[in-house]
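Colleague:
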């Protein structure tokens with residue numbers, strides 16, 4: 001059932017509800033599914049559980065025998081939310097709420113390739129957000145794997161999707177979009193990482209990468225660099241916030257599109273561009289192709305309603321925003337495997353060095 005869509009209907013939602021939402025996988029009951037989706041669902045059988053920053057539960061559905069035209073109803077769904085309490089100390093609660101807000105409030109207005117959302121709910125007191133999504137695998141989509149770099153053509157496709165998000169929301173300000181400015185999810189996570197406990201705990205622990213650059217081990221220097229980055233400019237548009245290959249999927253047509261809008265917020269477009277482009281390509285391919293890809297993105301941005309910018313207009317911002325990919329080195333094994341962390345971190349380490357990112361940020365303070 002279903003097809004991958006660009007834009008679409010606004011999904012049913014219960015935002016800022018007062019009743020508790022399911023907090024564990026076991027609490028996603030048939031009764032809850034019937035109440036939120038369809039009373040004619042007679043069974044929901046868990047087929048897979050994927051634990052990450054958010055947990056995704058794939059459920060196979062069966063409907064009452066007497067219901068007609070079930071071909072328009074999903075045979076399976078993905079229920080996504082904060083069902084793993086061990087990760088809450090990383091400041092992930094806001095992320096669960098933010099993704100549900102995205103699908104309830106903004107997704108239907110975007111000309112982007114997105115999974116269909118059937119229901120979204122938030123409980124801000126509980127720190128929980130749940131979204132019920134289309135089962136992309138059942139629709140022959142293939143999920144990105146960060147250990148397998150994308151081709152230049154695939155990165156160009158992904159950048160076009162980001163350009164649609166950025167261009168549609170450029171300089172957007174209205175009461176309806178105020179939720180995008182209520183929290184800086186990315187900064188909250190970075191502030192946790194830039195504490196003595198986490199920083200030195202990582203560098204002296206078993207998960208530390210041997211390739212971690214010596215010049216980036218100075219905590220005070222990195223704090224100053226991130227503060228300089230945050231001081232650079234005000235928000236320009238809605239950004240995805242975490243557009244790495246593992247948060248993408250490929251449609252049956254070969255388009256690259258994005259998942260996991262847990263960090264969506266108003267921010268700098270070059271954050272998404274630098275993070276996705278650098279983290280998705282082989283290091284040598286990125287060195288050869290980044291200016292050409294950046295030019296393609298800027299053309300798509302203007303076509304989507306954003307400003308007409310040149311590479312020279314954004315080049316220093318692009319260089320500065322290479323710093324965000326540095327976050328990958330600290331990703332705990334509960335979220336990503338060591339193989340994945342190493343693959344992506346090496347790409348970002350190289351880009352920070354190639355673009356003299358730390359030196360450029362230090363020159364701006």
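Residue numbers (UniProt numbering): 1 to 365.
We treat Cβ as the ideally placed atom computed from N, Cα and C, and that holds for glycine.
#1: Answer yes or no: do residue 335 and residue 53 have a C-beta to C-beta separation smaller than 8 Å?
#2: Could you tell me which residues DSSP puts in a beta bridge with residue 46?
#3: Using the three-state DSSP reduction, which class does residue 1 fall into: helix, strand or coil?
#4: Looking only at its own chain, which residues have a Cβ that is under 8 Å from the Cβ of residue 339, when we skip the five neighbours before and after it?
#5: Which value, in whole angstroms, describes the spacing of the CA atoms of residue 209 and residue 62?
#6: Alpha carbon to alpha carbon, how far is residue 349 from residue 37? Give it in angstroms, no decimals.
#7: So the alpha helix (DSSP H) residue 156 belongs to, where does it begin and stop?
#8: What residue ranges within the region 6–41 form continuous alpha helix (DSSP H) runs of no fewer than 4 residues, ordered along the chain?
#9: Report the option in 13, 325, 279 whose CA atom is closest to the CA atom of residue 189.
#10: Measure the CB-CB distance between residue 45 and residue 25 and report whether it falls below 8 Å.
#11: With three or more beta-carbon pairs closer than 8 Å as the criterion, would you say the region 147–167 touches the region 96–103?
#12: Residue 320 by DSSP, collapsed to three states: which one?
#13: Quick one: give me the first and last residue of the alpha helix (DSSP H) that residue 223 is part of.
#14: Return yes when the Cβ of residue 304 is within less than 8 Å of the Cβ of residue 114, no when it is not.
#15: Can you look up residue 364 in the DSSP assignment and give me helix, strand or coil?
#16: If you pair each beta-carbon of the region 294–303 with each one of the region 196–210, do three or more pairs fall below 8 Å?
#17: Using a 10 Å radius around the Cβ and a threshold of 16 neighbouring Cβ atoms, would you call residue 230 buried or exposed?
#18: Can you grab the Cα-Cα spacing for the pair residue 193 / residue 15, in whole Å?
#19: State the beta-bridge partners of residue 267 as determined by DSSP.
#20: By DSSP, does residue 67 sit in helix, in strand, or in coil?
#21: Sorted by chain position, which residues of the same chain lie with C-beta nearer than 7 Å to residue 223's C-beta, five sequence neighbours on each side aside?
#22: Going by the CB atoms, is the gap between residue 241 and residue 314 shorter than 8 Å?
#23: Roughly how far, in whole angstroms, is the beta-carbon of residue 142 from the beta-carbon of residue 250, given that I think they are within contact range, below 8 Å?
#24: Got a sec? Which residues, its chain only, sit under 8 Å from residue 310 by beta carbon, not counting five neighbours each side?
#25: Under a Cβ-count criterion, where at least 16 other Cβ atoms within 10 Å of its own Cβ denotes burial, should residue 308 be classed as buried or exposed?
#26: Going by DSSP, name the residue or residues bridged to residue 330.
#27: Rounded to a whole number of angstroms, what is the C-alpha to C-alpha distance between residue 11 and residue 120?
Modeller: On the basis of the data shown:
#1: yes
#2: 59
#3: In this prediction, residue 1 scores a pLDDT of 41, lower than 50, which makes its location untrustworthy; the coordinate-derived value is nonetheless stated afterwards. In the structure shown, residue 1 sits in coil (DSSP, three-state: anything other than H, G, I, E or B).
#4: 147
#5: 47 Å
#6: 45 Å
#7: 152–168
#8: 30–36
#9: 325
#10: no
#11: no
#12: helix
#13: 219–231
#14: no
#15: coil
#16: no
#17: exposed
#18: 30 Å
#19: 237
#20: coil
#21: 194
#22: no
#23: 5 Å
#24: 298
#25: exposed
#26: According to DSSP, which records beta bridges pairwise, residue 330 is partnered with nothing at all.
#27: 7 Å
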